[in-house]
Amino acid sequence: MSTLHLTKGSKIHDGLFDGAVARILELQRDDGSIPWYDGGVFDPWNHTEAAMALDVMGEREAAVRAYQHLVDIQLEDGSWWMEMGSAVPLDEDEQRYTGEDEQDKKYERDTNSAAYIATGIWHHYLLTQDTDFLQHFWPTIKKAFAFVVSHQSEHGEIRWASRDTDAPDDALITASSSIHKSLEHAAHIAATLGHTDLAGEWIASREALGDALRHKPHRFDRTWEPKDTFSMDWYYPVLGGALTGDAAYAKIASRWDEFVQDGVGCRCVVHEPWVTVAESAELCLALLGMGDRKRAEKMLSWQHQHADDDGAYWMGIQTEVGKPWPAEKPAWTAGAVILAADAVTQSTAACNALIDHTLPDIDGLDAAQDRQRLNKR
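Residue numbers 1333 to 1709, in this note's numbering, belong to the letters of the sequence shown in order.
Below, the structure is given as structure tokens:
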């Protein structure tokens, strides 16, 4: 086991992440889709995370194929199925869907998964400055965010899943925080292409969602047990830009000792001896976003010890026994580490996509916000 301390200016394209990239490419299917792991499910959010990592490492063709796959399978209402394909159990006693009765299983359509495509497409544009690429994906983005914002309540929170199923009418802090970030990227795409009215409406939607995340905790977890035992509910409001400045520092300080295991990383669940690499990499990004570079670099440095001999990263480590658990090396785990490494080292033109929360400066923003507020009444 070892650590790897990357800093601003360190090189990430000299073979350091070859194993992680190879793992993602190994998992990518002919249609462009990137499942979680061997025999694993496909979902648009984690697929996009892996595609962004491929882009960072110069695998442009594979990244574009991944994004085109989302166009190819988008549903008429702008959404995507949350989960497609088969999965393997994470626990020997847990029974998971195997894909054999797919026609009989009704999946929810997740607003967060629908929104994350904007983050991937904007990330690619930052790398390439390819406006034709944005134009090609614009109809997909427009449909996706029509679906997303149609699930926003007058209180600002965004329902976690489509209304036309029996999914509980509720909102998730982690998912909403991710949507908050994706709305920012969608607004950048719209503004870059000259669609300032939509950019303004999406900024207004982001403002209302951010206000709910900051000031209306009662609008989340209304119909189920709170998810506050999960680290993602702790750091995602910071990662997604809903909390910045002193509020971000206070949020991270509030539970640092509960979730962070020194020298190892961030626990997925507060009461479990399970440090997960993706959560640790995302916490690194959250720390960078609030200006805490020292702890961000340290958090990332601890993750190299969780790589297999082939350079791919294990999903997590059961710290009481010191072994990987489960024995899976997901594409999105590799993706999260690469994205964190890019942000730490400032290696590419997209290095700040997940840590800078600047909005596009557009004319008519106040009018767009007023329209959005009226529509919510």
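In this text, a Cβ means the ideal position worked out from N, Cα and C, and glycines have one as well.
From a predicted model like this one, the values you see are computed outputs, not experimental measurements.
> Roughly how many angstroms lie between the CA atoms of residue 1501 and residue 1358, to the nearest whole one?
Replying inline: 38 Å
>> Just to confirm the assignment: which complete alpha helix (DSSP H) runs, minimum length 4, are found wholly within the segment 1383-1420?
In response: 1392-1405
>> Here's the rule I'm using: 16 or more other beta-carbon atoms within 10 Å means buried, otherwise exposed. How should residue 1653 be labelled?
In response: exposed
> Looking at C-alpha atoms only, which residue of 1373, 1670, 1388 is the closest neighbour of residue 1413?
Replying inline: 1373
> Ends of the beta strand (DSSP E) at residue 1634?
Replying inline: Where residue 1634 is concerned, there is no enclosing beta strand (DSSP E), given that its DSSP letter is neither H nor E.
>> Can you give me the C-alpha to C-alpha distance between residue 1435 and residue 1613, rounded to a whole angstrom?
In response: A caution first: residue 1435 carries a pLDDT of 38, below 50, which makes its placement in the model unreliable, though a value can still be read off. In a straight line, the C-alpha of residue 1435 is about 36 Å away from that of residue 1613.
> Going by other Cβ atoms of all chains shown within 10 Å of its Cβ, with 16 needed for buried, is residue 1334 buried or exposed?
Replying inline: exposed
> Could you give the C-beta distance for residue 1512 and residue 1574, rounded to a whole number, given that I count them as a contact under 8 Å?
Replying inline: 5 Å
> For the alpha helix (DSSP H) that contains residue 1312, what are its first and last residues?
Replying inline: Residue numbering for the chain in the displayed model covers 1333 to 1709; residue 1312 lies beyond these limits and cannot be assessed.
> On the three-state DSSP scale, how would you describe residue 1432?
Replying inline: A caution first: residue 1432 carries a pLDDT of 38, below 50, which makes its placement in the model unreliable, though a value can still be read off. The answer is coil: DSSP assigns residue 1432 none of H, G, I, E or B.
>> How far does the beta strand (DSSP E) with residue 1649 in it extend, from its first residue to its last?
In response: 1648-1650
> When the Cβ atoms of the segment 1615-1628 are set against those of the segment 1683-1696, are three or more pairs found closer than 8 Å?
Replying inline: yes
>> Since residue 1443 and residue 1492 should fall inside the 8 Å C-beta cutoff, what is the C-beta to C-beta distance between them, to a whole number of angstroms?
In response: 6 Å
> How long is the line joining the alpha carbons of residue 1553 and residue 1499, rounded to whole angstroms?
Replying inline: 13 Å
> Just reading off the alpha helix (DSSP H) that residue 1606 is part of, what are its end residues?
Replying inline: Careful: residue 1606 lies outside any alpha helix (DSSP H), inside the beta strand (DSSP E) at 1606-1608.
> Would the beta-carbon of residue 1610 fall within 7 Å of that of residue 1531?
Replying inline: no
>> Give me, in chain order, the residues of the same chain whose beta-carbon lies closer than 6 Å to that of residue 1377; leave out the 5 immediate sequence neighbours on both sides.
In response: 1445, 1448
> Does DSSP put residue 1340 in a helix, a strand or coil?
Replying inline: coil
>> Check this for me: beta carbons of residue 1521 and residue 1454, under 7 Å apart or not?
In response: yes
>> Which residues does DSSP list as the beta-bridge partners of residue 1645?
In response: 1639
>> Quick check on this structure: which residue in 1494, 1488, 1497 has the alpha carbon closest to the alpha carbon of residue 1539?
In response: 1488
>> On the DSSP letters alone, give me the boundaries of the alpha helix (DSSP H) that residue 1586 sits inside.
In response: 1577-1591
> Near residue 1395, what residues of its chain come up, given a Cβ to Cβ distance below 7 Å and the 5 sequence neighbours on each side ignored?
Replying inline: 1383, 1386, 1387, 1456
> Considering residue 1444, what are the terminal residues of the alpha helix (DSSP H) in which it resides?
Replying inline: 1443-1447
> Using the C-alpha atoms, what's the distance from residue 1411 back to residue 1405?
Replying inline: 9 Å
> What are the partner residues of residue 1656, as DSSP defines its beta bridges?
Replying inline: 1649
>> I'd like to know whether the C-beta atoms of residue 1537 and residue 1481 end up nearer to each other than 7 Å.
In response: yes
>> Only counting the same chain, and skipping five residues up and downstream in sequence, which positions put a Cβ closer than 7 Å to that of residue 1691?
In response: 1516, 1519, 1535
> Can you list, in chain order, the residues of its chain whose CB lies under 6 Å from that of residue 1475, leaving out five sequence neighbours each side?
Replying inline: 1410
>> I need the straight-line Cα distance from residue 1514 to residue 1571, nearest angstrom please.
In response: 11 Å
> With 7 Å set as the bound, which would you pick, yes or no: does the beta-carbon of residue 1652 sit closer than that to a beta-carbon of chain B?
Replying inline: As a matter of chain content, chain B is missing from the structure shown, which is built from one protein chain.
> Smallest Cα separation from residue 1627: which of 1648, 1592, 1638, 1656?
Replying inline: 1592
>> Going by DSSP in three states, residue 1349 sits in which element: helix, strand or coil?
In response: coil
> Going by Cα to Cα distance, which pick from 1608, 1659, 1660 is closest to residue 1635?
Replying inline: 1608
>> Only counting the same chain, and skipping five residues up and downstream in sequence, which positions put a Cβ closer than 6 Å to that of residue 1662?
In response: 1368, 1369, 1647
>> In this structure, how does DSSP classify residue 1562 when only helix, strand and coil are distinguished?
In response: strand
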